[in-house]
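Visitor:
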Amino acid sequence: MIWTVGLSLLGLMALSLPVGIVLFLLGIGVGEFYSAFPLLRGLGQLIWSSSASSTLIAIPLFVLLGEILVRGGVAERTYGALDTWLSWLPGGLVHANIATATMFSATSGSSVATAATVATVAMPQAERLNYDPRLFSGAIAAGGTLGILIPPSINLIVYGFLTETSIPQLFSAGLLPGLLMALAFIAVTVVICVLRPALGGPSRRFTWSARAASLVQLGPIVLLFGVVIGSIYAGWATPTESAAIGVVMAAVIAVLFGTGLNRAAMTEALRGTIRISAMIMLVVAGASFLNFAMTAAGLGRQLTQLIEGSGLTPFGTLLLVIGLYFVLGFFIETLSLMVATIPIVVPIMAGLGYDKVWFGILMIVLIEMALITPPVGLNLFVVQGARRSGSINQVIMGAIPFVLVMICMIAALIAVPGLALWLPSIL
-2 MIWTVGLSLL
8 GLMALSLPVG
18 IVLFLLGIGV
28 GEFYSAFPLL
38 RGLGQLIWSS
48 SASSTLIAIP
58 LFVLLGEILV
68 RGGVAERTYG
78 ALDTWLSWLP
88 GGLVHANIAT
98 ATMFSATSGS
108 SVATAATVAT
118 VAMPQAERLN
128 YDPRLFSGAI
138 AAGGTLGILI
148 PPSINLIVYG
158 FLTETSIPQL
168 FSAGLLPGLL
178 MALAFIAVTV
188 VICVLRPALG
198 GPSRRFTWSA
208 RAASLVQLGP
218 IVLLFGVVIG
228 SIYAGWATPT
238 ESAAIGVVMA
248 AVIAVLFGTG
258 LNRAAMTEAL
268 RGTIRISAMI
278 MLVVAGASFL
288 NFAMTAAGLG
298 RQLTQLIEGS
308 GLTPFGTLLL
318 VIGLYFVLGF
328 FIETLSLMVA
338 TIPIVVPIMA
348 GLGYDKVWFG
358 ILMIVLIEMA
368 LITPPVGLNL
378 FVVQGARRSG
388 SINQVIMGAI
398 PFVLVMICMI
408 AALIAVPGLA
418 LWLPSIL
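At position 278 of the sequence shown (counting the first as 1) the number is 275 in my numbering, and the numbers step up by one without a gap.
(1) Could you say if the segment 50 to 62 and the segment 273 to 287 meet the contact criterion of at least three C-beta pairs nearer than 8 Å?
(2) So, with DSSP's three-state summary, where would you put Phe34?
(3) Taking the alpha carbon of Thr292 as the reference point, which residue from Gly88, Leu14, Trp85 and Tyr31 has its own alpha carbon closest?
(4) Counting only runs of 4+ residues fully inside the segment 107 to 152, write out the alpha helix (DSSP H) ranges in chain order.
(5) Taking one C-beta from the segment 389 to 396 and one from the segment 107 to 127 each time, how about it: are there three or more such pairs within less than 8 Å?
(6) How about the segment 400 to 412 and the segment 345 to 364: do they share at least three Cβ pairs that are nearer than 8 Å?
(7) Where Pro199 and His92 are concerned, what is the direct C-alpha to C-alpha distance, given to the nearest angstrom?
(8) Quick check: Ala266 and Arg68, are their CB atoms within less than 8 Å of each other?
(9) Which two residues bound the contiguous alpha helix (DSSP H) that contains Phe323?
(10) Pick out the complete alpha helix (DSSP H) segments inside the segment 25 to 93, 4 residues or longer, and give them in chain order.
(11) Mapping the DSSP letters down to three states, classify Phe203 as helix, strand or coil.
(12) How should Asn152 be labelled, buried or exposed, when 16 other C-beta atoms within 10 angstroms of its C-beta is the threshold for buried?
(13) Below 8 Å CB to CB, which residues in the same chain sit around Ile250 once its five sequence neighbours on both sides are set aside?
(14) Distance check for Phe286 and Ala78, CA to CA, integer angstroms please.
(15) So Asn390 is in the alpha helix (DSSP H); what residue range does that whole segment cover?
(16) Could you check where the alpha helix (DSSP H) with Asn376 kicks off and where it finishes?
(17) Less than 8 Å separating the beta-carbons of Ala234 and Ile242?
(18) Among residues of its own chain, excluding the 5 on either side of Leu37, which ones have a beta-carbon nearer than 7 Å to its beta-carbon?
(19) Out of curiosity, what's the CA-to-CA distance linking Gly257 and Ala247?
(20) Would you call Ile423 buried or exposed, if buried means 16 or more other Cβ atoms sit within 10 Å of its Cβ?
(21) I'd like the list of long-range same chain contacts for Ser50, defined as Cβ closer than 7 Å, with 5 residues on each side in sequence excluded.
(22) In the DSSP assignment, the alpha helix (DSSP H) including Ile369 goes from what residue to what residue?
(23) Quick check on Glu161: does DSSP put it in helix, strand or coil?
(24) By how many angstroms is the C-alpha of Pro421 removed from the C-alpha of Gln166?
(25) If I'm right that Val354 touches Ala417 with Cβ under 8 Å, what's the distance once you round it to whole angstroms?
(26) Nearest CA to the CA of Pro236: which residue from Phe378, Phe312, Thr264 and Val155?
(27) Enumerate in chain order the residues of its own chain whose CB-to-CB distance from Thr99 is below 6 Å, with the five nearest sequence positions on each side excluded.
(28) Less than 7 Å separating the Cβ of Ile145 from some heavy atom of the ligand MG?
(29) My assumption, with CB atoms under 8 Å, is that Thr270 sits in contact with Val60. Please give the rounded CB distance.
(30) Give every residue of the same chain whose Cβ lies closer than 8 Å to the Cβ of Gly39, excluding the five residues on either side of it in the sequence, and list them in chain order.
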């Protein structure tokens, strides 16, 4: 049954069917062929129970928060402000790409949305200042991946919901690794541009008065992040309530510090929110039904017996799982990869003694790597779409140094679990 389910999952996805539908079909197949109980009769109740959680309301709210900031023109002004602070470094405007992606990761919760936002704003600047397209576009694709690691992360909300893990703990666990990766991205860019100056662009210096004036644009975003995340850890609001507060603040910021929110901009923000949220909820409901079917059919028990009989140590099993995600990340979209594997992998890893919060952050870093590795790296296509010229191979080549940074972060999380567990332990 294990191999049948795995091959069926890959085969159905290869047909380019919607991932949520694939998960439902696989769950129905498992129930029909491997269970003595009529599992399909519980489909309606299971869809309702998996969708009625108040925790999941945070997903459309965080998506709307990011959409409002993008449609309200806040992204462009934030990018310009960060340019004044970071363009003196070797690599010039490339650092503004990474820093802007980091800041919007702390508000949007979505990697693809973050990459699309920064690419739309930055690409015209690259052409105007004659930057090398490889490193410039690769930095945007890599910076966008931070959207699912730095809180508030939609993927961490889904992970917490499916594994019954504290979402505030996951948020705090992702903060330090996310910031360290952003700094590592900047450091790698500096090293590359010192060794190969032609890959960067002109370093520009601004006066301190210009930098001070730019804080007017940066301050509201920092305040928004502080209120949304701070209200959760202060115990004043749940993640869902803090997301609602963030939406109101984002609207105010767009009106006061952006280009405003007219009817057309708000309509586009709502449409984008509905489209993204519907896709996520279909995947979550499908994953819940597949998990129910596999549990009823005894797949989890078979996997446990298979691993125990393999003779692998817990560390060997961890390396096997990392290799599995690394390979599957080449072919399966990231959220789909998460929800399809969490019901199988997480119980096994927890049974071997690994902390679910720590493993969640490790999984997210592996998922991030899948976003910038071909042939299905979504961020690569998002950035290439914003470029509208050149080959996607340039984006792929530019992302390679940042993939190496992610591999180093995976090794660091294994060697020093406190990178993910220190903040949850004190908060």
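Backbone N, C-alpha and C define an ideal beta-carbon position, used for all residues, glycine too.
Just so it is clear, the structure is predicted and the values come from calculations on it, not from any experiment.
Guide: Walking through what the data contain:
(1) Verdict: yes, contact present.
(2) coil
(3) Checking every option, the nearest Cα to that of Thr292 belongs to Tyr31.
(4) The qualifying runs are 108 to 126 and 130 to 141.
(5) Contact between the segment 389 to 396 and the segment 107 to 127 is absent, because fewer than three Cβ pairs lie under 8 Å.
(6) Enough Cβ pairs lie closer than 8 Å, so yes.
(7) Taking C-alpha positions only, Pro199 is separated from His92 by approximately 12 Å.
(8) yes
(9) In the DSSP assignment, Phe323 falls within the alpha helix (DSSP H) that extends over Pro311 to Leu325.
(10) 40 to 48, 55 to 68 and 71 to 83
(11) coil
(12) Classification for Asn152: buried.
(13) Leu66, Gly69, Val71, Pro217, Ile218 and Leu221
(14) Their backbone Cα atoms lie some 46 Å apart in a straight line.
(15) Counting along the chain, the unbroken alpha helix (DSSP H) around Asn390 starts and ends at Ile389 to Ala412.
(16) Leu375 to Arg384
(17) yes
(18) So the qualifying residues of the chain are Ile25 and Gly28.
(19) 11 Å
(20) exposed
(21) Phe158
(22) Note, Ile369: premise wrong, no alpha helix (DSSP H); not H, not E.
(23) coil
(24) 5 Å
(25) The pair is a contact, with the Cβ atoms about 7 Å apart (cut-off 8 Å).
(26) Val155
(27) Leu143 and Ala179
(28) In the structure shown, the ligand MG is absent, as is every other ligand, since no ligand is present at all.
(29) 5 Å
(30) Phe289
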